[in-house]
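Inspection log for the structure reproduced underneath, given as structure tokens.
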């Protein structure tokens, strides 16, 4: 049953988790990794969908963001490998190694907005979340 307590709990759990992740990243790297807009967005999502679906939203958004980041890294790596082979006439292993270093450095300074994934996964959680959770709990 969805109630005011579930709504406030969703706000608190979501905002605390995202704020904590941003604070840990800031302390570890010295730069802001998670903006306060993400904290406000997940607090709004948590108030709307409750605790269980907020946790599902954060998990699904993290998974989707990771897949997007890895896809971006691999596509940049492949493009740079092809360019090094064509322009610099390097051997394939040498071109792959240099392209990998170049892509990793380039993407270190390429911010990927997390709010996009939070919003998309919140919509999925809103419409399909309860069914997904019921399916998941049956398998445990």
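Numbering (the working numbering), first residue to last: 111 to 250. C-beta: ideal position from N, C-alpha, C; glycine also. Everything numeric in this text was worked out from a predicted model, so none of it was measured.
Would you call residue i buried or exposed, if buried means 16 or more other Cβ atoms sit within 10 Å of its Cβ?
i: residue 222; result: exposed
i: residue 157; result: buried
i: residue 123; result: buried
i: residue 227; result: buried
i: residue 140; result: exposed
i: residue 218; result: exposed
i: residue 232; result: buried
For residue i, which residues of its own chain have a beta-carbon under 6 Å away from its beta-carbon, when the five flanking residues on both sides are left out?
i: residue 265; result: Examination of residue 265 is not possible in this model, given that the chain is present from 111 through 250 alone.
i: residue 112; result: 160
i: residue 239; result: 163 and 166
i: residue 117; result: 157
Using C-beta distances below 7 Å, list every residue in its chain close to residue i, excluding the 5 sequence neighbours before and after it, in chain order.
i: residue 144; result: 128, 131, 132, 135 and 224
i: residue 191; result: 205, 206 and 209
i: residue 195; result: 202 and 205
i: residue 243; result: 162 and 166
Can you round the beta-carbon distance between residue i and residue j to whole angstroms, since I take them to be within the 8 Å contact cut?
i: residue 171; j: residue 121; result: Rounded, the Cβ-Cβ distance is 16 Å, inconsistent with contact.
i: residue 235; j: residue 167; result: 5 Å
i: residue 229; j: residue 151; result: 7 Å
i: residue 216; j: residue 186; result: 7 Å
For residue i, which residues in the same chain have their Cβ closer than 8 Å to its Cβ, ignoring the five residues on either side in sequence?
i: residue 214; result: 183
i: residue 198; result: 205
Is residue i near the ligand ZN - that is, is its Cβ less than 7 Å away from at least one heavy atom of it?
i: residue 133; result: Looking for the ligand ZN in the displayed structure turns up nothing, as the structure carries no ligands at all.
Within the 8 Å Cβ cut-off, does residue i reach chain B?
i: residue 170; result: Here there is only one protein chain, and chain B is not present.
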